[in-house]
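Student: Residue numbers (the numbering used here): 6 to 668. Backbone N, C-alpha and C define an ideal beta-carbon position, used for all residues, glycine too. This structure is in structure tokens; I'll ask about it shortly.
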Ligand code: ADP
């Protein structure tokens with residue numbers, strides 16, 4: 006062994022071989038001084054310590070595996086020399102002058118001379134840095150897997166579980182010991198076993214499965230909704246040797262989804278129902294809708310609305326509507342009475358919600374039934390909500406029942422309270438509407454009565470006037486007055502006749518007597534007569550002369566013509582003509598009466614055909630009762646025809662009516 010250029014080299018044949026070894030080797034003499042080292046050692050240390058000057062270790066610095074600095078004497082070679090026993094397997098961190106480090110394993114061997122005396126120590130350093138890094142990576146990975154909230158499982162291609170983390174323990178209820186070595190089938194519900202085959206098939210073909218939502222079985226046999234991601238596990242050569250599964254518990258997500266769907270459904274019910282009841286003006290209809298919707302919303306088995314009224318027998322709380330049960334089920338048992346359970350609702354004292362009414366202290370206190378009468382619907386869960394009008398009166402109560410206990414929640418209370426107040430508004434409206442309808446009916450009755458009562462005296466006045474007229478000398482001044490009086494009486498008669506018609510229409514008693522006639526002829530005759538009394542306007546008829554025969558009540562059709570032409574003249578005070586057209590279209594005879602008067606706003610086009618409606622504009626100063634168009638419309642519709650208007654305010658109007666031509 007010689008030293009060249011300050012560098013220790015191993016020079017004999019064995020030493021040459023050692024020098025070329027990829028493993029670091031160095032030699033210390035009995036005093037611990039390094040006398041030789043190979044190239045690999047110098048590379049590992051990052052330095053070339055001069056021969057005979059450095060003791061035990063050639064590294065710049067050394068630390069124990071747990072990071073504590075090591076003195077040269079603590080080196081495995083030194084301890085071997087001291088004890089005479091080789092200290093192997095020491096893990097040491099060595100630091101190079103440039104600060105980089107490596108993990109090394111020491112393997113010291115005592116050297117003996119020919120006489121058996123100790124001549125020194127050969128220490129072999131094995132660089133285990135790569136292995137260490139791998140280990141720490143593995144440890145990190147294992148820690149991640151263990152601490153994951155998702156169940157992470159690995160299994161062979163035969164489905165045998167090879168790893169099982171804490172989350173898997175929690176999710177499926179099996180401990181790691183219980184799970185490893187068993188088949189994954191233990192967590193798969195029977196009806197989903199085919200899923201596993203499909204998944205394994207995909208894995209074999211090097212494909213994974215991502216976020217597959219399915220159900221798995223807990224040790225306690227309950228089903229857990231999970232989202233599954235499965236990936237193939239490959240060996241170093243890339244062969245698929247198993248599968249890793251990540252299972253995420255999605256019960257909460259599913260619950261949230263269900264909750265959301267539940268809310269959406271409730272909202273939908275509330276929305277459509279809210280609209281329906283606000284449009285409904287029929288009390289019975291509103292109550293049925295409210296009862297049905299709320300029974301559905303609460304999941305109640307039975308729902309009912311009881312009116313806070315006495316019926317003709319003097320029984321309180323008349324049953325109005327029912328959902329989920331037949332009326333007979335109640336009627337057989339008689340009306341619910343003024344019991345401790347019922348009373349608070351009808352006194353408007355607030356909501357009553359009881360998980361088990363049969364255990365409620367208020368229950369069973371009232372004779373004769375002392376609780377639910379025999380044969381009554383089996384109510385255990387009970388909820389009652391008063392429906393209170395705007396003026397504070399309790400209209401009634403919504404009552405719900407379910408044969409199981411604890412079915413109604415605070416959420417239901419809130420829902421039903423909302424619905425109940427909405428229902429109260431609709432019921433108030435319906436009540437008002439009912440009152441208006443009643444008053445309207447009274448008014449109609451009055452019109453019928455009044456027009457009848459007026460008809461007789463007016464007819465006799467007309468008769469007397471005729472007698473007086475005849476008995477007066479020819480050119481007497483009074484003759485003119487009588488004529489005027491007769492004219493006014495005739496106007497009055499036609500007003501009374503119109504009122505009588507209205508009354509007949511309302512009661513469905515407007516008689517029609519049909520016959521065949523030519524509408525053109527009737528139009529010409531009527532217009533000719535009208536022209537005599539409406540001299541302010543020129544009435545013209547445009548007609549191609551072709552007969553248009555219809556089967557209708559001639560007198561009533563004439564009434565329509567007179568009405569429309571008179572209106573055309575009446576509502577065009579500044580104009581001087583009215584154009585009338587008759588033509589045929591699609592099997593109908595159509596009459597158009599055009600004026601150049603005040604016109605009608607679009608908004609009023611429908612309303613002018615309703616009873617007693619008069620447009621609130623200059624037309625209001627022109628006398629009329631607002632029933633002419635109503636009667637015309639009725640007459641035309643009764644003939645399976647149609648009456649309509651084209652008009653713009655200030656631009657004149659054209660009224661059209663069409664009647665089917667005789668087949
Ligand atoms: P009345 O003429 O007695 O008021 P009608 O039922 O015949 O009753 O007409 C209803 C309303 O329609 C009238 O009050 C008027 O406002 C409007 N109307 C009818 N005909 C015309 C028309 N030709 N031009 C403008 N407005 C009209």
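Between which two residues does the alpha helix (DSSP H) containing residue 712 stretch?
Tutor: Limits of the chain in this structure are 6 at one end and 668 at the other, which puts residue 712 out of reach.
Student: Residue 168 bridges to which residues according to DSSP?
Tutor: DSSP, once it has assigned bridges, lists 159 as partnering residue 168.
Student: Taking the CB atoms as reference points, tell me whether residue 39 and residue 63 lie closer together than 7 Å.
Tutor: Cβ atoms of residue 39 and residue 63: closer than 7 Å.
Student: What I want to know is whether the C-beta of residue 572 ends up closer than 6 Å to one or more non-hydrogen atoms of ligand 1.
Tutor: Yes, the Cβ of residue 572 comes within 6 Å of a heavy atom of ligand 1.
Student: Looking at the structure shown, is residue 12 part of a helix, part of a strand, or coil, going by DSSP?
Tutor: Note on residue 12: pLDDT 37, under 50, position unreliable in the model; the coordinate value appears next. DSSP places residue 12 in strand when its eight states are reduced to three.
Student: In the DSSP assignment, find the unbroken alpha helix (DSSP H) run with residue 142 in it and report its ends.
Tutor: Counting along the chain, the alpha helix (DSSP H) containing residue 142 begins and ends at 134–152.
Student: Which value, in whole angstroms, describes the spacing of the CA atoms of residue 386 and residue 361?
Tutor: So the two alpha carbons sit approximately 5 Å from each other.
Student: Quick one: residues in its chain with C-beta nearer than 6 Å to the C-beta of residue 509, no 5 flanking neighbours on either side, listed in chain order?
Tutor: Around residue 509: 515.
Student: In terms of alpha-carbon separation, which member of 594, 638, 610 lies closest to residue 668?
Tutor: Among 594, 638, 610, the Cα nearest to that of residue 668 belongs to 594.
Student: Would you mind stating whether residue 413 and residue 388 have Cβ atoms separated by less than 7 Å?
Tutor: A contact, by the Cβ cut-off of 7 Å.
Student: Taking C-beta to C-beta, are residue 170 and residue 157 nearer than 7 Å?
Tutor: Yes. Within cutoff.
Student: Using the Cα positions of residue 146 and residue 139, report the straight-line distance between them to the nearest angstrom.
Tutor: Roughly 10 Å separates the two Cα atoms.
Student: What does the Cβ neighbour count give for residue 402, buried or exposed, with the cut at 16 atoms within 10 Å?
Tutor: Classification for residue 402: buried.
Student: Expressed to the nearest angstrom, what Euclidean distance is found between the alpha-carbon atoms of residue 236 and residue 249?
Tutor: When rounded, the distance between both Cα atoms is 5 Å.
Student: Could you compute how far the alpha carbon of residue 77 sits from the alpha carbon of residue 69?
Tutor: Residue 77 and residue 69: Cα-Cα distance of roughly 12 Å.
Student: Let me know the secondary structure DSSP gives residue 684 once reduced to three states.
Tutor: Here the chain covers residues 6 to 668 and nothing more, so residue 684 does not appear.
Student: Should the segment 594–605 be regarded as contacting the segment 573–581, the criterion being three or more beta carbon pairs within less than 8 Å?
Tutor: With a cut-off of 8 Å, the segment 573–581 and the segment 594–605 count as touching, because enough Cβ pairs lie within range.
Student: Give every residue of the same chain whose Cβ lies closer than 8 Å to the Cβ of residue 329, excluding the five residues on either side of it in the sequence, and list them in chain order.
Tutor: These residues qualify, in order along the chain: 300, 305, 306, 307, 308.
Student: Closest to residue 452 by CA distance: which of 73, 396, 502 is it?
Tutor: Cα-wise, what sits closest to residue 452 is 502.
Student: So what's residue 122 in DSSP terms, helix, strand or just coil?
Tutor: Coil, per DSSP.
Student: Just verifying my parser: in three-state terms, what is the DSSP assignment at residue 589?
Tutor: If DSSP states are grouped into helix, strand and coil, residue 589 belongs with the strands.
Student: Express the C-alpha separation of residue 209 and residue 243 in angstroms, rounding to a whole number.
Tutor: Their backbone Cα atoms lie some 12 Å apart in a straight line.
Student: Would you give the residue range spanned by the alpha helix (DSSP H) that residue 525 belongs to?
Tutor: Residues 524–538.
Student: Quick one: does the C-beta of residue 630 sit closer than 6 Å to a heavy atom of ligand 1?
Tutor: Indeed, a heavy atom of ligand 1 lies less than 6 Å from the Cβ.
Student: Hey, out of 67, 178, 45, whose CA is closest to residue 131's CA?
Tutor: Residue 131 has its Cα closest to that of 45, out of 67, 178, 45.
Student: How is the alpha helix (DSSP H) around residue 502 delimited, first residue to last?
Tutor: Taken as a continuous stretch (DSSP letters only), the alpha helix (DSSP H) holding residue 502 covers 482–511.
Student: Of the residues 491, 280, 571, 205, which one's Cα is nearest the Cα of residue 629?
Tutor: Here the closest residue by C-alpha is 571.
Student: Which residues in the same chain as residue 283 place their Cβ atom closer than 7 Å to its Cβ, once the five residues preceding and following it in sequence are excluded?
Tutor: Hits under 7 Å: 431.
Student: How many angstroms separate the CA atom of residue 13 from the CA atom of residue 79?
Tutor: Confidence at residue 13 is low in this model, with a pLDDT of 40, below 50, so its placement is unreliable and the value that follows should be read with caution. Going from the Cα of residue 13 to the Cα of residue 79 covers about 23 Å.
Student: What are the boundary residues of the beta strand (DSSP E) that residue 659 is part of?
Tutor: Its beta strand (DSSP E) spans residues 658–665.
Student: For residue 569, which residues of its own chain have a beta-carbon under 6 Å away from its beta-carbon, when the five flanking residues on both sides are left out?
Tutor: Here the set comprises 598, 660.
Student: Mind checking which residues open and close the alpha helix (DSSP H) that includes residue 50?
Tutor: Where residue 50 is concerned, the enclosing alpha helix (DSSP H) stretches over 44–50.
Student: Buried or exposed for residue 280, going by 16 or more other Cβ atoms inside 10 Å?
Tutor: So residue 280 counts as exposed.
Student: Could you spell out the range, first to last residue, of the beta strand (DSSP E) harbouring residue 95?
Tutor: Per DSSP, residue 95 belongs to the beta strand (DSSP E) from 95–100.
Student: Could you say which of 426, 230, 357 lies nearest to residue 4 if we only look at CA atoms?
Tutor: Outside the modelled stretch of the chain, which goes from 6 to 668, sits residue 4, for which no answer is possible.
Student: Rounded to the nearest angstrom, how far is the Cβ of residue 32 from that of residue 41, given a contact under 8 Å?
Tutor: Confirmed, about 5 Å.
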